[in-house]
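Report on the structure given below.
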DNA sequence: CTGTTAGCGCATTCAC
DNA sequence: GTGAATGCGCTAACAG
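Chains as they are written, first to last, in this note's numbering: chain A, 1 to 348; chain B, 1001 to 1348.
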């Protein structure tokens, strides 16, 4: 319930402008602008300007600066979710890359829907970002059109597009799924299932399933052991329910590849709860190397990707693209492959 | 390794402006502006303008619009971390509150450091946000001064400040810690320890410890069973190490309250690994009602707070403050208490 | 190193 | 319902 209290917010003074600072320091606005933006200003003037700024409590108005210079300083970043430590790590990587560049993130999330991506792109373009970082390779036609009409560099991350918009920093989710199945095969597993979502809304999850299927066929293993369960992203709880369905339906299954560590974790815990030993009764593997997989018991086999590095590399690409644009040139589109790695642990 | 590919980004056309749209539609710029911003425009003109916008691929330049109207449309949001589902939920709550208002988040994270908060506030004020949402009540003097010089409404969240800056949406972390200990006492536990970080950098964690200590004293239970372990936020792994230290140092301890669910989870898993039954050998409780606590085995007792609602309420307060400012008035500072709830599960 | 002039693209204000 | 004039606060470009 709201509990209004006494007034703690009296009227506040209007913000002072660069002209106020200039007048107080006895210089022109331009000199103030230079002092703030690292231009050449005499030490004496710089000191007086800093004093004036301090006394007036002046804060640069980038709303005007960006407009005037036609450089917003914004990097638009669109993630499927911020409540996912993989993507949060990518966001942190981008932040690290743009630290001390004076650039700022404009962060949005789609809840794994391309329609939301389109809305976010449209809304963010309104702020004239100098660079755009997207997750995934699945975009609406309109998103592509909007992006195509803009001069800002674009980076697609977390996957490898067949038709890139511009730059790419990613890895093949299909290869990751495939590798995991091969590794399980090497360990002796012969009846390997896949647990994932019902739709292809999470295209990365769908790719991983594709890689799984490919490996199953390559190895001549029994097909069709696929549990589709819930709208992506599937939760820990759903992973637990799925493993039960799986074992009831195909009691001979000896290993399960889950679309992410979250569902794998839910599956492992549910097995524990039911007294099904992992990996003896069934081996379980996930994807994403989440903290939870590294810490739980048994520790969960997974595919590790350097999510932070995806962000760092994407941010770096944007930085270089912007720098290039300022010298009038243009950074040729690059594709960076980020390696992934199967990490075998106790659950297999 | 970077793998440059062929050029996929030819020169792009310059962005068209509102004047271009106006000319093409045969109206004035003002009519276009009204059509875009929901003003009164004849159906005929609206249709022609929409057609022109579509043909030109025009996207409104808010960089200019914000400057001209002196309304940036930005809400600055500062969180300790985005890699924490509690805070991510709060961010989602804010997003939900400002949906369809045309406002946009400016999101930053501090890594639990007030100095970083100061830098973020300074950098964000530069964008002239119309509202500011902070996490916690611990701010540097300079942050307070910067915020005091600005007309934008401020909301402090996730705690109850003694001296609020403006609005507040939170709960007492000390009370939460205290309640949890009392509940454990009711369940029969008499030797209750606390596991948390080494510093007060995470002020909410420190508050929870304070509440723990208070309850211990109220109940006349053995004091000093406090394990301080690592810079906040403590990880799952550190929770696991801490529980081992705890049991080695005070073998008679029968329950542990952890500063968050993450450390509690690490502790539970480590016990499992070592064959210490939870809660028989030791009961373990956490804080935050993370997914992992609800899903693991045994399920972990925790304190649940509606993190999404904290964000929703904060966003709502900002919306109402901005709306009030537009009618020339000012929303009196409000304090909203968000209830918390001890959720008892299998781990106690 | 510093100042002057000009203008960014839009919304406000007022007139019609 | 529509248009014209005006200016937001800053930085680019140039002159000194």
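Where is the CB? At the ideal position from N, CA and C, for every residue including glycine.
As the structure is a computational prediction, the values presented were derived from the model and not from experiment.
Between the CA atoms of residue j and residue i - distance to the nearest angstrom
| i | j | result |
| --- | --- | --- |
| residue 355 (chain A) | residue 1024 (chain B) | Only positions 1 to 348 of chain A appear in the structure, and residue 355 (chain A) is not among them; the question remains open. |
| residue 1119 (chain B) | residue 1139 (chain B) | 11 Å |
| residue 338 (chain A) | residue 169 (chain A) | 7 Å |
| residue 110 (chain A) | residue 211 (chain A) | 25 Å |
| residue 1090 (chain B) | residue 42 (chain A) | 47 Å |
| residue 76 (chain A) | residue 105 (chain A) | 6 Å |
| residue 205 (chain A) | residue 259 (chain A) | 6 Å |
| residue 1143 (chain B) | residue 1121 (chain B) | 7 Å |
| residue 1242 (chain B) | residue 1248 (chain B) | 10 Å |
| residue 70 (chain A) | residue 40 (chain A) | 21 Å |
| residue 1085 (chain B) | residue 280 (chain A) | 32 Å |
| residue 136 (chain A) | residue 200 (chain A) | 12 Å |
| residue 1292 (chain B) | residue 236 (chain A) | 8 Å |
| residue 27 (chain A) | residue 46 (chain A) | 10 Å |
| residue 1342 (chain B) | residue 1287 (chain B) | 9 Å |
| residue 1005 (chain B) | residue 320 (chain A) | A caution first: residue 1005 (chain B) carries a pLDDT of 33, below 50, which makes its placement in the model unreliable, though a value can still be read off. For residue 1005 (chain B) and residue 320 (chain A), the distance between alpha carbons rounds to 16 Å. |
| residue 1307 (chain B) | residue 265 (chain A) | 23 Å |
| residue 1173 (chain B) | residue 1345 (chain B) | 20 Å |
| residue 251 (chain A) | residue 1275 (chain B) | 29 Å |
| residue 1148 (chain B) | residue 57 (chain A) | 10 Å |
Counterpart residues of residue i in DSSP-defined beta bridges
| i | result |
| --- | --- |
| residue 1167 (chain B) | B:1155 |
| residue 248 (chain A) | Residue 248 (chain A) pairs with nothing; no bridge assigned. |
| residue 255 (chain A) | A:192, A:283 |
| residue 1343 (chain B) | B:1302 |
Test item: CB-CB of residue i and residue j under 9 Å
| i | j | result |
| --- | --- | --- |
| residue 1328 (chain B) | residue 1096 (chain B) | no |
| residue 376 (chain A) | residue 1126 (chain B) | Residue 376 (chain A) is absent from the model: chain A starts at 1 and stops at 348. |
| residue 1050 (chain B) | residue 1035 (chain B) | yes |
| residue 1152 (chain B) | residue 1178 (chain B) | no |
| residue 434 (chain A) | residue 254 (chain A) | There is simply no residue 434 (chain A) to check, as chain A begins at 1 and stops at 348 in what is shown. |
| residue 1304 (chain B) | residue 1284 (chain B) | no |
| residue 78 (chain A) | residue 124 (chain A) | yes |
| residue 1335 (chain B) | residue 1187 (chain B) | no |
| residue 159 (chain A) | residue 207 (chain A) | yes |
| residue 263 (chain A) | residue 239 (chain A) | yes |
| residue 219 (chain A) | residue 185 (chain A) | yes |
| residue 310 (chain A) | residue 157 (chain A) | yes |
| residue 1245 (chain B) | residue 1234 (chain B) | no |
| residue 1088 (chain B) | residue 88 (chain A) | yes |
| residue 175 (chain A) | residue 340 (chain A) | yes |
| residue 1322 (chain B) | residue 1133 (chain B) | no |
| residue 296 (chain A) | residue 1271 (chain B) | no |
| residue 59 (chain A) | residue 1114 (chain B) | no |
DSSP three-state assignment for residue i, whether helix, strand or coil
| i | result |
| --- | --- |
| residue 1229 (chain B) | coil |
| residue 1303 (chain B) | strand |
| residue 134 (chain A) | strand |
| residue 1004 (chain B) | Residue confidence is low: residue 1004 (chain B) scores 34 on pLDDT, short of 50, so the model does not pin down where it sits. No coordinate-derived value is stated. |
| residue 238 (chain A) | helix |
| residue 337 (chain A) | strand |
| residue 12 (chain A) | Residue confidence for residue 12 (chain A) is low, a pLDDT of 47 falling below 50, so the modelled location carries little weight; the figure read from the coordinates is stated next. Residue 12 (chain A): coil per DSSP, three-state reduction. |
| residue 1181 (chain B) | helix |
| residue 150 (chain A) | coil |
| residue 278 (chain A) | coil |
| residue 17 (chain A) | coil |
| residue 1200 (chain B) | coil |
| residue 293 (chain A) | helix |
| residue 324 (chain A) | helix |
| residue 216 (chain A) | helix |
| residue 33 (chain A) | helix |
| residue 28 (chain A) | coil |
| residue 260 (chain A) | coil |
| residue 310 (chain A) | helix |
| residue 144 (chain A) | helix |
| residue 1160 (chain B) | coil |
| residue 1139 (chain B) | coil |
Legend entry - Any beta strand (DSSP E) of 3 or more consecutive residues that is wholly inside the segment 39 to 117 of chain A: 74 to 79, 104 to 109
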